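Quick note: the sequence shown uses the working numbering, first residue 1, plus one each step.
All residues carry an ideal CB built from backbone N, CA and C; glycine is no exception.
In this text the structure is predicted, and so the values were computed from the model without any measurement.
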Amino acid sequence: MTTNLDLQAILTERLHIALPEIQTFCQRWHITELALFGSVLREDFHSSRSDVDVLISFAPQARQGLSEMIQIQEELERLFQRKVDCIVRESIKQSQNWIRKRNILNSAEVVYRRNCSRNDW
């Protein structure tokens, strides 16, 4: 499991972003939870070629159409300055591929959760 300090280092050193930027992004898009998973959390992350895997959950009133998902992904790519693969938590929870589902859900580290983000950094 990744600690708060590790997540802060990932955000600042690997992704060159501060938590307030993520909070603003999530609030604008009615995202209730944003988590990272995949190589960005591991030692095999390559700053020049690795993408960032993001798992998000939406508030009930959020618009979640194709257009919104494209805009969200493009904005995340601008924020992180690299390619982003964005997955909605509800979609992966319904996946028939139980191995992929288990791997993603078990490895995801929450960076932002509405009303209880990691403010203790």
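Measuring straight from C-alpha to C-alpha, what distance separates residue i and residue j?
{"i": "Glu-77", "j": "Ser-48", "result": "14 Å"}
{"i": "Phe-25", "j": "Ile-99", "result": "30 Å"}
{"i": "Gln-64", "j": "Ile-104", "result": "21 Å"}
{"i": "Asn-106", "j": "Ser-57", "result": "15 Å"}
{"i": "Asp-53", "j": "Arg-42", "result": "12 Å"}
{"i": "Asp-51", "j": "Leu-15", "result": "10 Å"}
{"i": "Gln-8", "j": "Glu-21", "result": "13 Å"}
{"i": "Ala-18", "j": "Ser-91", "result": "27 Å"}
{"i": "Ser-39", "j": "His-46", "result": "8 Å"}
{"i": "Leu-79", "j": "Gln-96", "result": "31 Å"}
{"i": "Asn-115", "j": "Asp-6", "result": "21 Å"}
Just curious, the beta strand (DSSP E) that residue i is in, first and last residue?
{"i": "Gln-57", "result": "Going by the sequence as given, residue 57 is Ser instead of Gln. Taken as a continuous stretch (DSSP letters only), the beta strand (DSSP E) holding Ser-57 covers 52-58."}
{"i": "Thr-32", "result": "31-37"}
Let's see if you can read the secondary structure: which residues bound the alpha helix (DSSP H) around residue i?
{"i": "Arg-100", "result": "98-107"}
{"i": "Thr-12", "result": "First-last for Thr-12: undefined, no H or E at that position."}
{"i": "Gln-27", "result": "19-28"}
Do you know whose CA, among the options, lies nearest residue i's CA?
{"i": "Val-84", "options": "Leu-19, Phe-37, His-30", "result": "Phe-37"}
{"i": "Arg-89", "options": "Glu-109, Gln-81, Glu-75, Leu-79", "result": "Glu-109"}
Tell whether a beta-carbon distance below 8 Å holds between residue i and residue j.
{"i": "Arg-102", "j": "Glu-33", "result": "no"}
{"i": "His-30", "j": "Gln-73", "result": "no"}
Exercise for review: Scan the stretch 57-88 and note each continuous beta strand (DSSP E) run of 3 residues or more that stays entirely inside, going in chain order.
Suggested key: 84-88
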